[in-house]
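Chemist: Once you've had a glance at the structure underneath, I'll fire off some questions.
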Amino acid sequence: MAKKQVRKKKATKVKVTPAGLGDVVENVLESKPIKPLTKVIKKAIFKDNDDCGCEERKQKLNKLFPIRRKPVRCFTEDLYKRYSNYIKNRTLKLWNDKEIDLLIETYAYIFATQYRKIDLCKNCQGSGKLLLKMSNELDKVHSSYES
């Protein structure tokens, strides 16, 4: 009796837009053709696996040269009410399916940037960071309506 081969589903990476110049530099240095060269240079300069300060430099560059995402559209009355209700009832860093749908729909409308729900994994840290980023950016737009 032959065993069936089970195909493993490849994990899809969620593409996160860079927050600033630091993310762009990191993506270039960690790209496949340059990564081996980057490792060799790091080993030559930083002996005994010392921290090269890459993460700190990345954060500083992101703060100095951010890639800003400006709102393209305003909230509709319906989206504003639904998002206000979401803000009142939310628990940070935990999202159910309805909240994820609302975030994706609202973010797509306000910023004209599409994300697909099937690309978000409920167990992945990257997806949580993306949802938190979307929520924070929408909060800024929402708070501008209240002031």
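Going by the working numbering, the sequence shown opens with residue 386, and the numbers climb by one from there.
Every residue gets a Cβ at the ideal spot worked out from N, C-alpha and C, and that includes glycine.
#1: If you reduce the DSSP assignment to three classes, tell me which class L505 lands in.
#2: What separation, rounded to the nearest whole angstrom, lies between the Cα atoms of D524 and K427?
#3: By Cβ distance, which residues of its chain are closer than 8 angstroms to K445, with the 5 residues on each side in sequence left out?
#4: Buried or exposed: which applies to N481, given that a residue is buried once 16 or more other Cβ atoms fall within 10 Å of its Cβ?
#5: Restricting to Cα atoms, I'd like to know which of T461, C509, F496, I419 is closest to N521.
#6: Between the segment 486-503 and the segment 451-469, can you find at least three pairs of beta-carbon atoms closer than 8 angstroms?
#7: Could you tell me whether the Cβ atoms of G513 and K478 are closer together than 8 angstroms?
#8: Would V413 and I419 be called neighbours here (beta carbons separated by less than 8 angstroms)?
#9: Apart from the five residues on each side of it in sequence, which residues of its chain come closer than 8 angstroms, Cβ to Cβ, to V526?
#10: Do you know offhand how far I489's Cα is from C439's?
#11: Out of I430, E415, K502, which has the shortest C-alpha to C-alpha gap to K443?
#12: Quick one: what's got a C-beta closer than 6 angstroms to C506's C-beta in the same chain, skipping five residues either side?
#13: Can you give, in chain order, each stretch of the alpha helix (DSSP H) that sits fully within the segment 412-475 and has at least 4 residues?
Modeler: According to the data block:
#1: coil
#2: 40 angstroms
#3: G407
#4: exposed
#5: F496
#6: yes
#7: yes
#8: yes
#9: P456, F460, I495
#10: 32 angstroms
#11: E415
#12: S512
#13: 420-430, 439-449, 462-474
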